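Protein sequences, first through last, are from chains A and B. Mapping to the numbering used here: the first sequence position 48 is 48, numbers consecutive. Mapping to the numbering used here: the second sequence position 107 is 324, numbers consecutive. Idealized CB from N, CA, C, for every residue including glycine. Keep in mind that this is a model prediction, so the values were computed, not measured.
Protein chains: 2
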Amino acid sequence: MSARQPSSRRPARRPAGRRDRYHHGDLRRALVDAALRLVRREGPRALTLRAAARLAGVSQAAPYRHFADKQALLAAVAEEGFRAMTGAMRRAMSEAGEPLSKFRALGLSYVEFARGHPAHFQVMFGPELADRTAYPSLAEAAAEAFNLLVAAIADCQKAGLAREGNPEELGVTAWSAVHGLSALIVNGQLGARHAPLDELGERVTRGLFLGLGPRPA
Amino acid sequence: MSARQPSSRRPARRPAGRRDRYHHGDLRRALVDAALRLVRREGPRALTLRAAARLAGVSQAAPYRHFADKQALLAAVAEEGFRAMTGAMRRAMSEAGEPLSKFRALGLSYVEFARGHPAHFQVMFGPELADRTAYPSLAEAAAEAFNLLVAAIADCQKAGLAREGNPEELGVTAWSAVHGLSALIVNGQLGARHAPLDELGERVTRGLFLGLGPRPA
DNA sequence: ACCTGAACACCGTTCAAGT
DNA sequence: ACCTGAACACCGTTCAAGT
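Structure (structure tokens):
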């Protein structure tokens, strides 16, 4: 496979664009798409710069015109992941009614995203991407997801459906719980011992809400 | 530390052992130690089979006598990590008094372990290690840590300090919260926006305990 | 301005061969 | 039984050179 198409390119004027020639303005886009396909179909370890270049039909050196290094490509993939996850959370919330079910829908869709796109999730949060602070637009995409969560908590508070307190602080607790569950599932850390995975999201969000402390009768 | 002890074991006759010759009975041990040094000092990406072999002073092919492949070495490193973490949690608990402070000590020491050994934590939970179910002793070491947590919750329940319910189920919620916080910190996902990191452990364990729901007055 | 080809220094893994 | 040397098929990255 990877039949390396015949490369019939003529540079300047070019009327009817053949759709298998990709890279004019947008080799960058093509490389990100290739990387997404690799990661989805073969996992994070298959995401190499050379493989992405092959998939996009260019030489191994070509990506360096568009990405400083492999880290930069990983950052772009991670950023797409955060945008997709934020979108999924928004959609889930829009189908829910009052603030509390919106909040739960958000948490559940976080976990669902991780289960549905485990390799992508691993790129978003895994250690291959060493220094996230170096990629501002990635940080911004991640912050947007967190903002959504904080706003959902604040809405619950306004409706008297959540404990009072700084919503950013409560947000860190909520984020930790859904993220931890997602990460444990994606790593395969939650085995047969721990119930059907579908129920864990429901349970953890409920447990988070009730708290572990004794119910004051 | 771990000064590569002179290995004063003589298989048969062998008078003055040169201390840079290591490998008689325990190249396996030497390779795990080398891997731990690499991961601690240079991060998970530096953990290569060849580098571990170099550090142990053997050829690049030698590790294959003791590990089926790189995954197997990673599994050994991860297993050591779980044992070290379990030890740290036990120590922290033994210094606490009643069940509830024991439980909080356990949670805090989980987060502290992650912050203190980020690269090791990443090997324990990261995606380089693809299939954890293939390594039973690793799974057992991980289960031991989880058992400790479940027992701590059950003790709280007996003392009336935690909500009733299946302690394994509450345990998944608690584990998710401390694990999620640890993972977010280690990934650098919790930036300047989110308070001093030292306080986050306290906050999340407290938030977990109180719950996010409204306090029934 | 954007891409290729060839090269360098690494990897993981295998395999014949040494002792 | 355990290790070495050499090899193969990969990587990330650089750099001169092409158009």
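Whole-number beta carbon distance between residue j and residue i, since they are thought to touch under 8 Å
i: V328(B); j: G418(B); result: 4 Å
i: G333(B); j: L366(B); result: That belief does not hold up - the Cβ atoms of G333(B) and L366(B) are roughly 19 Å apart, past 8 Å.
i: S176(A); j: V421(B); result: 5 Å
i: A336(B); j: P431(B); result: Wrong, their Cβ atoms sit about 41 Å apart, outside the cutoff.
i: L264(B); j: V275(B); result: Rounded, the Cβ-Cβ distance is 16 Å, inconsistent with contact.
Straight-line Cα distance separating residue j from residue i
i: G408(B); j: L398(B); result: 12 Å
i: A141(A); j: A56(A); result: 25 Å
i: L27(A); j: L74(A); result: 16 Å
i: R436(B); j: F146(A); result: Only positions 218 to 434 of chain B appear in the structure, and residue 436(B) is not among them; the question remains open.
i: R29(A); j: D69(A); result: 15 Å
i: G304(B); j: H179(A); result: 25 Å
i: G424(B); j: E169(A); result: 9 Å
i: G126(A); j: A251(B); result: 23 Å
i: M89(A); j: A114(A); result: 12 Å
i: F67(A); j: A301(B); result: 39 Å
i: N383(B); j: G405(B); result: 34 Å
i: A78(A); j: R132(A); result: 10 Å
i: R282(B); j: A391(B); result: 41 Å
i: R13(A); j: F82(A); result: Caution applies to R13(A), whose pLDDT of 28 falls short of 50 and renders its modelled position unreliable; the model cannot decide the point.
i: F341(B); j: E361(B); result: Inspection of the sequence shows that residue 341(B) is occupied by Met rather than by Phe. M341(B) and E361(B): Cα-Cα distance of roughly 14 Å.
i: E42(A); j: L401(B); result: 25 Å
i: P433(B); j: R380(B); result: 15 Å
Contacting residues, own chain, Cβ-Cβ under 6 Å from residue i (five flanking each side not counted)
i: L248(B); result: A269, A273, P280
i: A76(A); result: V32
i: Q122(A); result: P44
i: L325(B); result: G418
i: F426(B); result: none
Cβ shell of residue i (< 7 Å), same chain only, five flanking positions each side left out
i: R50(A); result: Q60
i: E128(A); result: P44, L74
i: L161(A); result: P99, L100
i: Q288(B); result: L346, A347
i: E297(B); result: V249, L253
Residues of its chain near residue i, where Cβ-Cβ distance is below 8 Å and the 5 sequence neighbours each way are ignored
i: A159(A); result: E98, P99, L100
Contact the region 412-424 of chain B vs the region 345-355 of chain B: 3+ CB pairs below 8 Å: no
How about the region 312-324 of chain B and the region 239-253 of chain B: do they share at least three Cβ pairs that are nearer than 8 Å? no
For the pair the region 371-380 of chain B and the region 305-312 of chain B, tell me if three or more CB-CB distances fall below 8 Å. no
Select from the region 416-433 of chain B all residues with a C-beta closer than 8 Å to any C-beta belonging to chain A, and list them in chain order. L417, R420, V421, G424, L425, F426, L427, G428, L429, G430, P431, R432, P433
Relative to chain A, which residues along the region 355-387 of chain B have a C-beta separation below 9 Å, given in chain order? A356, A359, A360, F363, I370, C373, Q374, G377, L378, A379, R380, E381, G382, E385, E386, L387
Positions along the region 86-109 of chain A whose CB lies within less than 7 Å of some CB in chain B: none
For the region 398-409 of chain B, which residues have a beta carbon sitting closer than 9 Å to at least one beta carbon of chain A? L398, S399, A400, L401, V403, N404, G405, Q406, L407, G408
If the cut-off is 7 Å on Cβ atoms, which residues from the region 47-77 of chain A count as contacting chain B, listed in chain order? none
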